[in-house]
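For the record, the sequence lines run as chains W and E. Numbered per numbering that gives the first Met the number 0, the first sequence spans residues 0 to 306. Numbered per numbering that gives the first Met the number 0, the second sequence spans residues 0 to 294. From the three backbone atoms N, C-alpha and C, an ideal C-beta is built for every residue, glycine too. Since we're looking at a predicted model, the values are computed, not measured.
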Amino acid sequence: MKQFWKHVEKRPMSRMERRRTITGYLFMTPFLVLFITFTLIPIFVAMGLSLTNYNLIQKPGFVGLTNYMNLILEDDVFLTSLKNTLIFAVLTGPAGYIASFAMAWLITLMKKGRGAFALAFYAPSLTSGVAMSTIWLIIFSGDRNGYLNSFLLRLGVIIEPILWTKDAAYLKWVIVIISVWMSMGTGFLVFLAGLQNIDPALYEAARVDGMKSRFQELRYITLPMMKPQLLFGAVNSVVSAFAIFDVATSVAGMPSPNYAAHTIVAHLYDYAFIRMNMGYASSVAMILFIMTFVIGRICFYIFKSED
Amino acid sequence: MYSIIVQTVTGKKKWKKVKFSHALLVAGMVTLVCFTALPMVAMICRAFMPLDELYIYPPRIIVRKPTFSNFADLLNSLNASDVPFTRYIFNSLMTTGVTVFFSIFVSCAGAYGLAKFKPRGSATIFAVITAALMFSSYVTQIPNYLIVNELGLVNSYWALILPKIAVAYNFFLVKQFAEQLPDSILEAARIDGAKELYTFWHVAMPLLKPAWSTLAVFSFVSNWNDYFSALVYINKDAMKTLPLALQTLAGGAGVVARSGSVGAATLLTTLPTIIIFCIMRGKVMQTMTYSGIKS
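Encoded structure:
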């Protein structure tokens, strides 16, 4: 928090500066009003609600850390959702991030067909998870008519069709594959733009100095130059990797078989908008908030720009 | 590395230069693109498949005899029941369009004010907005619901619009872009006696076009695909947006009914975002160049 206050100046303003400040704030007012109402205040309200037993009907009563204690000590379904979310995030976040970067890097090295490759690669992240789930449900359909089952049956890899979306053991992997598919593009455009913006003279100079391979270029020029973009991409992919919900519920249903696809957001939705237990659900939201925020901060530390 | 291979296709002499690792890279890239493209191809083909092809064994990915009958079924069959499918398309277009419009205006004005006037406290405000990039909207969903509920907006278009206008991500994008606008042009307009609002609208906004075109694309994509907000705020059938309506139509997980209509509806839900992205691609790339975070 300290950094937020270090910018606050105490010296008096000149007339020019006062005018500038007033005009600047007038321009910012519409955004700030909505941002404060629907993002900033809600964060603190959610924090406050997580310490109550609010259920929309009765007045909220203060219960201290009871919600958090229950979540961690009593609620096995929450622990399952936490475990699933972490598995999904660890598998899909880095996979999507690395694939995005690799693809952006390879595309900039291409001479022809950049646009087509870029579109083919980026299109999945433009689609609605709910809409695409209708196709995934056919690909992973449990009968012989599913694309994957029919393919594997004809190949002779399996003898019986597999119940991909009903069997908890497979379901998890199905969700991971779909989430990876959807997350491929998260940082892609940022990386592509960043790569195209690196001064070619840098590479020339390095070549004169005896840099031999593209991988050396990548290691010593490209990656260090792209830190700001890498950070932006990382923050976005952390946030979206922890927020898997649409795909999981529309493919696996809610509740999913054996809670195999139950995520933190699904748990939040369940308690907040089905059971109307706003206090308890807020503590779930807070745990999601703390996780992405802390990891986001770690990303800031890793991709620190030196200047 | 990859360029060497591209050259070899045209100049035969260079075949020797192709190394194993290069071939592997290309193979990897093609596999990756197949993985991303195959479900899209299947999705597009299924929308045009006649019923006999949809239920054939072994299942087909590529359509043989394309037909528009699925779209006709989708638009007609539901007319008879309660809510026509066109209503859902309208709901989605309406809420997404209005959200994008306000989001552009509010984010551009705000980012311009912050980047070009640098008012006292602007660094703090920007730090807070950057911090807001680090959590998803799910975190604030409960308080937002309480606010929307208190305002009596549940089951209205405003419930899907108001909370999603001021998005940190949008503000951040425009602000990074606005930072590199030359002050001299704005200064020149002011010296000519232009009012601040005039300068913003007639000088700054045209210069910010790549930024707000990009914002329009991202905002359109995320709002068009937004399922959670509609799930939370809407429980009247006639107010549902496309993702929610499509889910009802498909019957949720495990139901394989009305395959034809569902295929058509899926395509109608998916296509607009892709078209908009294709149209705006150049502008998007111009903006993303400035999108990095310097920590």
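DSSP bridge partner residues for residue i (one or two, in chain order)
{"i": "W:Phe61", "result": "W:Thr51"}
Interface flag, residue i vs chain E, CB-CB below 8 Å
{"i": "W:Ile42", "result": "yes"}
{"i": "W:Trp180", "result": "yes"}
{"i": "W:Ser149", "result": "yes"}
{"i": "W:Tyr202", "result": "no"}
{"i": "W:Gly295", "result": "yes"}
{"i": "W:Asn196", "result": "yes"}
{"i": "W:Phe244", "result": "yes"}
{"i": "W:Gly209", "result": "no"}
{"i": "W:Arg143", "result": "yes"}
{"i": "W:Pro160", "result": "no"}
{"i": "W:Gly95", "result": "no"}
{"i": "W:Ile134", "result": "yes"}
{"i": "W:Thr22", "result": "yes"}
{"i": "W:Ile138", "result": "yes"}
{"i": "W:Met12", "result": "yes"}
Cβ neighbour criterion (16 or more within 10 Å) applied to residue i
{"i": "E:Gln179", "result": "exposed"}
{"i": "W:Tyr96", "result": "buried"}
{"i": "E:Ile174", "result": "Here residue 174 of chain E is Lys; the residue named in the question, Ile, does not match the sequence. That one is buried."}
{"i": "W:Ser127", "result": "buried"}
{"i": "W:Gly232", "result": "buried"}
{"i": "E:Ala124", "result": "Just to set this straight, residue 124 of chain E is Ile in the shown sequence, not Ala. It is buried - the Cβ of E:Ile124 has at least 16 other Cβ atoms within 10 Å."}
{"i": "E:Glu195", "result": "buried"}
{"i": "E:Thr30", "result": "exposed"}
{"i": "E:Ile55", "result": "exposed"}
{"i": "E:Gly10", "result": "Interpretation of E:Gly10 is limited by its pLDDT of 45, a score under 50 that renders its predicted location unreliable; the figure taken from the coordinates is listed afterwards. The residue is exposed, with fewer than 16 neighbouring Cβ atoms inside 10 Å."}
{"i": "E:Pro38", "result": "buried"}
{"i": "W:Arg10", "result": "exposed"}
{"i": "W:Gln57", "result": "exposed"}
{"i": "W:Phe214", "result": "exposed"}
{"i": "W:Pro199", "result": "exposed"}
{"i": "E:Ala252", "result": "At E:Ala252 the pLDDT is 49, less than 50, meaning the model places this residue with poor confidence; the figure from the coordinates comes in the next sentence. Result: buried."}
{"i": "E:Ser102", "result": "buried"}
{"i": "W:Phe288", "result": "buried"}
{"i": "E:Ser183", "result": "exposed"}
Residue range of the unbroken alpha helix (DSSP H) whose run includes residue i
{"i": "E:Arg119", "result": "Per DSSP, E:Arg119 belongs to no alpha helix (DSSP H) and is neither H nor E."}
{"i": "W:Phe292", "result": "Met277 to Ile301"}
{"i": "W:Trp172", "result": "Ala167 to Ser182"}
{"i": "E:Trp211", "result": "Lys208 to Trp223"}
{"i": "W:Gly186", "result": "W:Gly186 -> no alpha helix (DSSP H), and no H or E assigned at all."}
{"i": "W:Asp208", "result": "Here W:Asp208 belongs to no alpha helix (DSSP H), and DSSP marks it neither H nor E."}
{"i": "W:Pro93", "result": "Asp75 to Leu108"}
{"i": "E:Ala249", "result": "Leu241 to Ala249"}
{"i": "E:Gly192", "result": "No alpha helix (DSSP H) contains E:Gly192, which DSSP labels as neither H nor E."}
{"i": "E:Glu178", "result": "No alpha helix (DSSP H) contains E:Glu178, which DSSP labels as neither H nor E."}
{"i": "E:Trp157", "result": "Tyr156 to Ile160"}
{"i": "E:Asp51", "result": "Leu50 to Leu53"}
Min CB distance residue i to chain W below 8 Å
{"i": "E:Val283", "result": "yes"}
{"i": "E:Thr85", "result": "no"}
{"i": "E:Glu186", "result": "no"}
{"i": "E:Gly112", "result": "yes"}
{"i": "E:Ala108", "result": "yes"}
{"i": "E:Lys117", "result": "yes"}
{"i": "E:Lys293", "result": "yes"}
{"i": "E:Ser155", "result": "no"}
{"i": "E:Phe100", "result": "no"}
{"i": "E:Ser228", "result": "no"}
{"i": "E:Cys44", "result": "no"}
{"i": "E:Leu24", "result": "yes"}
{"i": "E:Leu245", "result": "yes"}
{"i": "E:Cys277", "result": "yes"}
{"i": "E:Phe47", "result": "no"}
{"i": "E:Ala131", "result": "yes"}
{"i": "E:Ser121", "result": "yes"}
The region 153–170 of chain W in contact with the region 101–108 of chain W per 3-pair CB rule at 8 Å: no
Segment contact flag, the region 9–24 of chain W with the region 245–256 of chain W, C-beta cutoff 8 Å, min 3 pairs: no
contact_flag[the region 88–97 of chain E, the region 156–170 of chain E] where n(CB pairs < 8 Å) is 3 or more: yes
Three-pair Cβ contact test at 8 Å for the region 280–293 of chain W versus the region 64–83 of chain W: yes
The region 209–220 of chain E in contact with the region 238–246 of chain E per 3-pair CB rule at 8 Å: no
Touching by the beta-carbon criterion (3+ pairs, under 8 Å), the region 142–158 of chain E and the region 251–266 of chain W: no
Stretch pair the region 156–163 of chain W + the region 210–227 of chain W: three plus CB contacts closer than 8 Å: no
At least 3 beta-carbon pairs within less than 8 Å: the region 56–74 of chain W vs the region 268–282 of chain W: yes
Cβ contact check for the region 177–192 of chain E and the region 125–137 of chain E: 3 or more pairs under 8 Å: no
Contact the region 26–36 of chain W vs the region 258–273 of chain W: 3+ CB pairs below 8 Å: no
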